[in-house]
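Participant: From first to last, the protein sequence lines stand for chains A and B.
Using our numbering, the letters of the first sequence correspond one by one to residues 65 to 720.
Using our numbering, the letters of the second sequence correspond one by one to residues 65 to 720.
Just so you know, even glycine gets a beta-carbon here, dropped at the ideal spot from N, CA and C.
It should be emphasised that the depicted structure is a prediction, and the values quoted were computed from it without experimental measurement.
Before I ask anything, here is the structure I am working with.
Protein chains: 2
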Amino acid sequence: MLSLNMRLSVFFVLVAMLPCAPVKAQSDWRGQAVVHLEASPGARVRGVPVSAVQLGPGFWTERRKVVTEVSIPTLYQEFEQRGILDNFRRLAGKQVARRGPIYTDSDVYKWMEAVAFEVQSGERRNQPLLEEAIRIVSATQEENGYLNTRYTMERLSDRHQNMLHGHELYCLGHLLQAGIAWYRATGKRDLMDVGIRFVRYLQLRFGPEKEPLYDGHPEIELALIELYRTTGDRSFLDFAGYFLNSDPRLKGRISQRDLVYTFIGKPFTERTQMEGHAVRAGYAASGAADYYLETGDDKYKGTLERLWRDLAESKVYITGGIGSRQTGEAFGEAFELPNQLAYTESCAAIANFFWNWRMLAATGDARHADLLERALYNGINSGLSLDGRLYCYRNPLELSGNSNDRIRNPWYDTTCCPPNLQRVLASLPGYLFGASSEGIAVHLYHTATLDWRLPDGQPLKIRQTTTYPLEGTVHFSVEPGRETTFELGLRIPAWSSNTKVLVNGEDVGSVQSGAYHRIRRQWKPGDRVELRLDMRVRHTLANPRVRDNVGKAAVERGPVVYCLEGLDQPDGLEPEKLALDLRGNAGAATGVPSRLLGGLPVLQHPAVEQQESPSGLYHPRQASRNWKPAQARLVPYFAFANRGFTPMQVWIPYIE
Amino acid sequence: MLSLNMRLSVFFVLVAMLPCAPVKAQSDWRGQAVVHLEASPGARVRGVPVSAVQLGPGFWTERRKVVTEVSIPTLYQEFEQRGILDNFRRLAGKQVARRGPIYTDSDVYKWMEAVAFEVQSGERRNQPLLEEAIRIVSATQEENGYLNTRYTMERLSDRHQNMLHGHELYCLGHLLQAGIAWYRATGKRDLMDVGIRFVRYLQLRFGPEKEPLYDGHPEIELALIELYRTTGDRSFLDFAGYFLNSDPRLKGRISQRDLVYTFIGKPFTERTQMEGHAVRAGYAASGAADYYLETGDDKYKGTLERLWRDLAESKVYITGGIGSRQTGEAFGEAFELPNQLAYTESCAAIANFFWNWRMLAATGDARHADLLERALYNGINSGLSLDGRLYCYRNPLELSGNSNDRIRNPWYDTTCCPPNLQRVLASLPGYLFGASSEGIAVHLYHTATLDWRLPDGQPLKIRQTTTYPLEGTVHFSVEPGRETTFELGLRIPAWSSNTKVLVNGEDVGSVQSGAYHRIRRQWKPGDRVELRLDMRVRHTLANPRVRDNVGKAAVERGPVVYCLEGLDQPDGLEPEKLALDLRGNAGAATGVPSRLLGGLPVLQHPAVEQQESPSGLYHPRQASRNWKPAQARLVPYFAFANRGFTPMQVWIPYIE
């Protein structure tokens with residue numbers, strides 16, 4: 065790790081060399097994290113490379129297995145069958161019509177990025193498919209660097225004409241991210257260079273003193289900043305800043321409605337709330353956080369924190385999903401969080417995850433890790449079926465069980481979510497640990513080995529062993545190369561009310577939840593730490609301003625949100641007539657582990673059933689209701705709708 | 065009234081004369097009701113002419129006054145300022161661009177129909193504006209009969225090219241209805257003949273053995289059947305049937321999605337549920353009910369009853385509003401009735417009203433009158449501000465009070481609702497009474513005088529005197545020309561649990577609610593009837609499948625649904641923290657009449673307030689909640705958002 069002075073001088077050298085300097089990596093490709101912050105002035109916590117973390121058996125390993133074995137190869141087949149790869153081959157001469165919506169290129173790129181992350185983890189099963197895709201894509205780049213299957217040939221005249229809705233730079237952003245992931249997997253620059261040539265093409269023609277440029281779907285910002293981190297070419301960071309600040313010449317050219325919907329068109333730092341299309345807003349915020357990390361610009365930080373509070377305090381579902389409205393796939397008003405109508409696109413939960421990862425890097429604040437984990441286990445994880453074959457576009461918090469409402473599908477015309485889910489799960493090892501100048505932080509718990517180094521360069525291995533989120537105990541073995549003083553930070557989720565930490569068997573005493581518990585000591589090889597998180601079933605209520613959740617509770621256990629599905633209820637009990645019984649011992653829910661549902665327990669929960677429910681849509685209130693004791697069965701939310709069409713509820717009425 | 069034999073012979077004569085016969089009215093224009101069923105084989109109850117009923121002072125008279133004095137003249141000004149009338153003048157040579165969406169003609173026609181209904185009631189204040197509009201519209205008809213400001217001049221080639229979304233026949237339908245209402249007001253055929261010439265143009269080119277024709281927004285069906293009733297020309301009824309049955313050549317040409325959205329494209333009798341765009345579905349059902357009334361076709365009746373049950377048992381709001389979803393302005397699934405996101409377009413509640421009027425005519429079943437009254441007092445009435453200047457497009461059942469959410473506006477780009485509200489209120493006298501072979505039915509209560517006749521032709525006056533819906537007592541004086549035996553049917557709403565009826569001061573005993581109480585006797589001039597409806601405050605619950613209403617009650621009084629608005633609550637009490645206290649005497653709500661709100665009482669309701677509400681979006685449940693006694697104030701729902709931006713709820717949490 066470079067010292068601050070060294071880092072600054074690297075900056076100056078690079079800046080002096082630009083924009084015509086030959087592209088040069090800042091650090092060895094083997095050492096680069098998913099979001100590579102080694103030299104980022106705004107970063108308090110940095111990631112570690114995907115390759116530095118080997119996951120052992122457990123929850124995510126099973127999920128990643130279906131991604132590798134099922135999701136990635138079947139999506140490639142879908143690309144072939146739907147003509148999405150032929151869209152590229154067409155540019156190389158194949159006689160076919162272009163198929164699918166304008167942004168299909170990006171779906172291929174996200175899929176490529178997912179496979180590249182697998183290769184970073186040493187999983188090479190899908191590498192031949194990726195190499196074939198790289199050949200197909202690379203063969204289609206124009207002499208001048210342009211590459212998009214839509215705005216070419218008979219549609220050449222549309223090129224750069226529909227910046228608001230055309231997705232040209234959005235596709236390029238995903239191409240860059242795929243190229244970077246492939247470079248970090250193998251050291252091969254081929255795909256990344258394809259993307260860079262496209263960027264150079266743009267930089268020649270567009271920018272502050274040239275023609276104005278923008279894209280109505282943020283994504284290029286994130287990608288350019290990662291490209292800057294990978295290559296050291298500051299013009300990429302400046303180009304990202306140009307997009308985030310919005311070209312002043314755009315003023316008045318984008319309608320008020322589109323300013324809200326697209327989250328572009330005015331400087332990011334003028335934003336005051338999360339609004340409009342949730343994925344766009346989430347990607348814009350992620351890109352802006354990247355920009356803050358590289359520039360330390362406090363105006364960005366102020367805006368990011370205001371937006372994050374707006375999200376966390378009024379616009380995020382308990383699943384970590386975001387985007388309440390189908391119309392515009394958009395945020396609603398504050399506290400507008402309907403359950404059945406929740407739009408909560410998988411990609412939006414992913415955007416929330418990306419953004420919180422960057423906010424965590426910028427602040428070290430455990431709130432961001434909490435929200436990131438919430439999105440990961442629930443609103444993201446729900447998007448991929450247990451067998452890896454089907455995907456959710458929407459992830460609602462309630463379903464009526466209507467068989468016309470096919471919530472899980474192998475393919476969508478706009479198939480943005482499937483490869484997005486794949487790339488998150490494929491990159492997951494990169495999200496478990498963080499490195500700071502003080503030492504190592506553990507963000508997420510899972511059996512895994514970290515093989516990395518301390519700030520001073522000496523090697524460090526940390527092994528986690530746990531069945532989390534089945535149980536809450538995590539054993540760590542700490543293996544520095546030699547005795548060294550550094551900090552080991554363990555994230556204590558806000559939901560863990562009663563947490564124990566033992567170092568070499570000794571209880572450290574009071575542990576604060578919703579914070580990193582920092583153990584600073586002289587660590588020696590063989591040291592052991594034990595973390596015991598509070599996995600008791602919790603009942604969570606919503607702010608009364610969330611009107612749909614009045615009188616209802618959500619059931620949670622660890623990081624996992626539960627739900628009630630109709631088919632699990634005994635004796636044909638109708639789930640609409642059920643209320644949780646929270647009188648007396650509210651923790652009476654008992655768990656029965658089930659392999660079917662990712663190995664997590666099915667909860668048996670005391671409940672009451674309304675016995676004689678009047679028929680009809682509306683009826684006069686009767687003075688007393690007729691409750692009958694019952695048992696409700698709850699399963700993890702992420703597993704909903706995996707076993708057929710059945711009513712589902714996250715927020716469940718209760719009596720107390 | 066004609067005997068059945070006479071009616072049939074009129075039919076045969078007319079059929080024999082068609083399609084080339086000169087158009088001839090079936091009955092004098094002065095005797096025609098809003099939906100004129102004098103000769104309709106499927107009608108069990110028929111309306112009476114608007115001119116036969118004079119409203120006295122009271123609730124609807126005040127509402128109609130603002131329509132006449134404010135709404136109708138200001139909407140005309142808007143039409144002028146927005147270029148909507150110029151769209152017509154342009155066809156007569158004025159050098160302006162066409163403005164507004166494709167269907168602006170229909171907005172003018174609906175406004176014209178409203179004024180014509182006023183004239184039917186003898187209110188002539190706006191008649192000069194209407195006569196001017198008739199001149200403007202009539203001057204633009206082409207030689208061949210075509211008339212539409214959109215599909216002409218530079219857009220001539222679009223004519224009949226976009227049947228699915230073009231609204232050409234939709235506009236014609238409204239032109240016909242305006243022409244019919246004007247004819248029934250004055251006996252002048254000028255505007256109706258303009259419409260008829262357009263229909264003749266269509267009949268020459270389109271139809272079963274000619275080119276196929278359809279319109280993706282039902283409306284022409286209703287209008288053609290009313291034209292048939294007005295003129296006796298059976299080809300109009302057959303043309304309506306052609307649309308309702310859907311041209312077999314359309315099969316496979318309309319996507320599944322559009323089949324749902326438009327409610328056209330397959331035979332109406334193949335429909336099994338209310339779905340798609342709520343106004344389209346409601347107009348289609350109204351047109352189909354008209355078709356049943358004229359043909360007695362049992363297949364239509366079966367479909368209509370199935371669809372009506374689907375609506376009434378799972379898809380109608382307590383306000384009589386319909387259409388849950390913003391996306392597609394559409395019905396949701398069964399029981400999908402969100403409050404804040406309720407779309408419930410004013411026009412959809414009106415479609416519900418129209419349909420139920422026709423179902424009432426076809427069946428005589430009081431359920432239809434109940435639902436019609438519910439829509440009228442609540443989901444329709446809410447659409448027009450108390451001062452008559454502003455209109456709701458959406459009529460949600462909950463508002464957060466966000467000032468960006470301007471729910472009442474003087475104008476909408478798609479300004480279908482304002483004139484639709486006007487024409488319903490302007491025609492209202494025609495909906496109070498019904499006539500059958502047995503006598504007279506009273507559907508709606510309001511101070512009013514009916515000056516009409518019995519089936520045998522002898523004159524009959526009935527006078528209602530009441531302050532309903534302020535109080536529930538209605539006095540009737542019955543004045544037949546001479547002593548005669550007939551039936552007087554009084555609608556007893558389903559909500560009136562304890563009803564009294566006195567004839568000449570004598571209690572008739574048990575009175576069934578949700579039915580017509582039929583008094584068959586020999587009536588003599590000076591007979592008196594007194595009806596006492598049960599106006600106690602009611603607490604209504606929803607079927608537990610309506611998930612947003614779990615644990616919540618609606619407060620109703622008579623036909624009026626109440627709501628809670630933030631600004632009425634004392635001591636800055638936050639409405640989100642309020643729950644109605646239904647322990648003990650649930651009828652303890654007391655009323656204070658307020659002129660501000662249409663003269664209806666403001667209700668003071670026992671409530672509790674949650675004292676220390678945890679901040680944040682989600683929080684762990686505490687074992688006990690801290691309730692403090694409070695008083696909630698409720699106002700009629702229709703008056704919501706008339707006094708600024710403030711939170712509003714119809715469904716309110718309660719404790720019991």
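If you count every other CB in all the chains shown that lies within 10 Å of the CB of B/Lys315, and 16 or more means buried, which is it?
Facilitator: Working through the second sequence from its first residue, we reach residue 315 of chain B at position 251. Exposed: under 16 other Cβ atoms inside 10 Å.
Participant: Starting from A/Gly680, find everything on chain B with Cβ-Cβ shorter than 9 Å and list it in chain order.
Facilitator: Taking the first sequence and counting its residues from 1, the one referred to as residue 680 of chain A is at position 616. What A/Gly680 touches in chain B: Ala376, Glu377 and Asn607.
Participant: Excluding sequence positions up to five away, which residues of its chain have a Cβ less than 6 Å from the Cβ of A/Val258?
Facilitator: As a working note, residue 258 of chain A is residue 194 in the first sequence. Contacts found: Ser202 and Gln205.
Participant: How many whole angstroms separate the CB atoms of A/Glu142 and B/Gly680, which I take to be in contact at a CB cut-off of 8 Å?
Facilitator: Counting from 1 along the first sequence, the entry for residue 142 of chain A is found at position 78. Counting from 1 along the second sequence, the entry for residue 680 of chain B is found at position 616. So it is not a contact: roughly 42 Å between Cβ atoms.
Participant: In this structure, what does DSSP give as the bridge partners for B/Met423?
Facilitator: For the purposes of this step, residue 423 of chain B is taken as residue 359 along the second sequence, with counting starting at 1. For B/Met423, which the question treats as bridged, DSSP gives no partner whatsoever.
Participant: Does DSSP put A/Cys456 in a helix, a strand or coil?
Facilitator: On the first sequence, position 392 is the one that residue 456 of chain A refers to. In the structure shown, A/Cys456 sits in a strand (DSSP, three-state: E or B).
Participant: What is the DSSP secondary structure of B/Tyr718, counted as helix, strand or coil?
Facilitator: Within the second sequence, numbered from 1, the residue matching residue 718 of chain B stands at position 654. Reduced to three states, the DSSP call for B/Tyr718 is strand.
Participant: Going by the DSSP bridge assignment, what does A/His603 pair with across the sheet?
Facilitator: Position 539 of the first sequence, counting from 1, holds the residue named residue 603 of chain A. Its beta-bridge partners are A/Val619.
Participant: In chain order, what residues of the stretch 446-468 of chain A put their CB closer than 7 Å to some CB of chain B?
Facilitator: For the stretch 446-468 of chain A, which is checked against every Cβ of chain B, the residues closer than 7 Å are Glu462, Ser464 and Asn466.
Participant: Count the other CB atoms, across all protein chains shown, that sit within 10 Å of the CB of B/Thr132; report buried if there are 16 or more and exposed otherwise.
Facilitator: Within the second sequence, residue 132 of chain B is the residue found at index 68, counting from 1. B/Thr132 comes out buried.
Participant: Nearest-angstrom Cα distance between B/Thr213 and B/Arg153?
Facilitator: Locating residue 213 of chain B in the second sequence gives position 149, where the first residue counts as 1. Locating residue 153 of chain B in the second sequence gives position 89, where the first residue counts as 1. Cα to Cα, B/Thr213 sits roughly 9 Å from B/Arg153.
Participant: Where do the ends of the alpha helix (DSSP H) carrying B/His238 lie?
Facilitator: As a working mapping, residue 238 of chain B is identified with position 174 in the second sequence. First-last of the alpha helix (DSSP H) with B/His238: Glu232 to Thr250.
Participant: Answer with buried or exposed for B/Pro555, where buried requires no fewer than 16 other C-beta atoms within 10 angstroms of its C-beta.
Facilitator: Here the question's residue 555 of chain B lines up with position 491 in the second sequence. Note that residue 555 of chain B is Arg in the sequence shown here, rather than Pro. Buried, because 16 or more other Cβ atoms sit within 10 Å of the Cβ of B/Arg555.
Participant: Whole-angstrom Cβ separation of B/Phe307 and B/Tyr265, contact assumed at under 8 Å?
Facilitator: The residue labelled residue 307 of chain B in the question sits at position 243 within the second sequence. The residue labelled residue 265 of chain B in the question sits at position 201 within the second sequence. So it is not a contact: roughly 16 Å between Cβ atoms.
Participant: Can you tell me whether A/Pro557 is helix, strand or coil according to DSSP?
Facilitator: For the purposes of this step, residue 557 of chain A is taken as the residue at position 493 of the first sequence. Three-state DSSP puts A/Pro557 in coil, outside helix and strand.
Participant: Pull up the distance between the alpha-carbon of B/Arg647 and that of B/Val699, whole angstroms please.
Facilitator: Reading the second sequence from its first residue, position 583 is the one you call residue 647 of chain B. Reading the second sequence from its first residue, position 635 is the one you call residue 699 of chain B. Each residue's alpha carbon lies about 22 Å from the other.
Participant: A/Leu534 and A/Glu437 - do their beta-carbons sit closer together than 8 Å?
Facilitator: Within the first sequence, residue 437 of chain A is the residue found at index 373, counting from 1. Within the first sequence, residue 534 of chain A is the residue found at index 470, counting from 1. Result no, Cβ atoms of A/Glu437 and A/Leu534 do not sit closer than 8 Å.
Participant: So, is B/Ser32 buried or exposed, given that buried needs 16 or more other C-beta atoms within 10 angstroms?
Facilitator: Residue coverage of chain B in this structure runs from 65 to 720, which leaves residue 32 of chain B outside it and unanswerable.
Participant: Does the stretch 108-115 of chain B come within contact of the stretch 491-511 of chain B, defined as at least 3 CB pairs closer than 8 Å?
Facilitator: A contact exists between the stretch 108-115 of chain B and the stretch 491-511 of chain B.
Participant: Assign A/Leu642 to one of two classes, buried (16 or more other C-beta atoms within 10 Å of its C-beta) or exposed (fewer than that).
Facilitator: The residue you call residue 642 of chain A lines up with position 578 of the first sequence. It is buried - the Cβ of A/Leu642 has at least 16 other Cβ atoms within 10 Å.
Participant: Could you name the residues of chain B that A/Asn403 contacts, counting a contact when the two beta carbons are closer than 7 Å?
Facilitator: On the first sequence, residue 403 of chain A is found 339 positions in, with the first residue counted as 1. Near A/Asn403 (Cβ distances below 7 Å), the residues of chain B are Arg611.
Participant: Could you tell me whether the Cβ atoms of B/Thr531 and B/Asp171 are closer together than 8 Å?
Facilitator: Indexing the second sequence from 1 puts residue 531 of chain B at position 467. Indexing the second sequence from 1 puts residue 171 of chain B at position 107. Against a cut-off of 8 Å, the Cβ pair of B/Asp171 and B/Thr531 comes out as no contact.
Participant: Taking only the alpha-carbon atoms, compute the straight-line gap between A/Ser410 and B/Glu275 and give it to the nearest angstrom.
Facilitator: As a working mapping, residue 410 of chain A is identified with position 346 in the first sequence. As a working mapping, residue 275 of chain B is identified with position 211 in the second sequence. C-alpha separation (whole angstroms): 47 Å.
Participant: Along chain A, which residues have their Cβ under 9 Å away from the Cβ of B/Gly536?
Facilitator: Stepping through the second sequence from its first residue, residue 536 of chain B is reached at position 472. Under the 9 Å cutoff, chain A gives no residues; its nearest Cβ is about 17 Å from B/Gly536.
Participant: Contact criterion: CB-CB distance below 8 Å. Does A/Pro557 meet it with respect to chain B?
Facilitator: Here residue 557 of chain A refers to the residue found at position 493 of the first sequence. It does not; no Cβ of chain B falls within 8 Å.
Participant: Quick one: is A/Pro192 buried, meaning 16 or more other Cβ sit within 10 Å of its Cβ, or exposed?
Facilitator: For the purposes of this step, residue 192 of chain A is taken as residue 128 along the first sequence, with counting starting at 1. A/Pro192 is exposed by the Cβ-count criterion.
Participant: Answer yes if the stretch 513-528 of chain B comes into contact with the stretch 609-622 of chain B, meaning at least three C-beta pairs across the two stretches below 8 Å, and no otherwise.
Facilitator: In short, these stretches do not touch, since the Cβ pair count stays below three.
Participant: Tell me the DSSP bridge mates of B/Tyr668?
Facilitator: Looking up residue 668 of chain B in the second sequence gives position 604. Going by the sequence as given, residue 668 of chain B is Gln instead of Tyr. Answer is B/Thr654 and B/Arg697.
Participant: Taking B/Pro678 as part of the alpha helix (DSSP H), name the residues at either end of that continuous run.
Facilitator: As a working note, residue 678 of chain B is residue 614 in the second sequence. Run containing B/Pro678: none; DSSP gives neither H nor E here.
Participant: To the nearest angstrom, how far is the alpha carbon of B/Pro62 from that of B/Thr654?
Facilitator: Lying before the first or after the last residue shown, residue 62 of chain B is absent from chain B, which here runs from 65 to 720.
Participant: Identify, in the order they occur along the chain, each residue of the same chain with its Cβ nearer than 6 Å to the Cβ of B/Val380, setting aside the five sequence neighbours on each side.
Facilitator: In the second sequence, the residue the question calls residue 380 of chain B occupies position 316. Around B/Val380: Ile386.
Participant: Among A/Leu119, A/Arg370, A/Gly360 and A/Pro137, whose alpha-carbon lies nearest the alpha-carbon of A/Ala426?
Facilitator: Here residue 426 of chain A corresponds to residue number 362 of the first sequence, with the count starting at 1. Here the closest residue by C-alpha is A/Gly360.
Participant: If you check the beta carbons only, do B/Val666 and B/Pro693 fall under 8 Å apart?
Facilitator: Translated into the one-based positions of the second sequence, residue 666 of chain B becomes position 602. Translated into the one-based positions of the second sequence, residue 693 of chain B becomes position 629. No. Outside cutoff.
Participant: Beta-carbon within less than 7 Å of B/Asp571's beta-carbon, same chain only, minus the 5 sequence neighbours each way: which residues are those?
Facilitator: Residue mapping note: residue 571 of chain B aligns to position 507 of the second sequence, counting from 1. Result list for B/Asp571: Lys564, in chain order.
Participant: Which first and last residues belong to the alpha helix (DSSP H) in which A/Arg370 is found?
Facilitator: Your numbering for residue 370 of chain A matches position 306 in the first sequence. Start and end: Asp362 to Ser378.
Participant: Let me see if you follow: with CB-CB separation under 8 Å, is A/Pro700 close to chain B or not?
Facilitator: Here residue 700 of chain A is taken as the residue at index 636 of the first sequence, counted from 1. It does not: the Cβ of A/Pro700 has no partner Cβ on chain B nearer than 8 Å.
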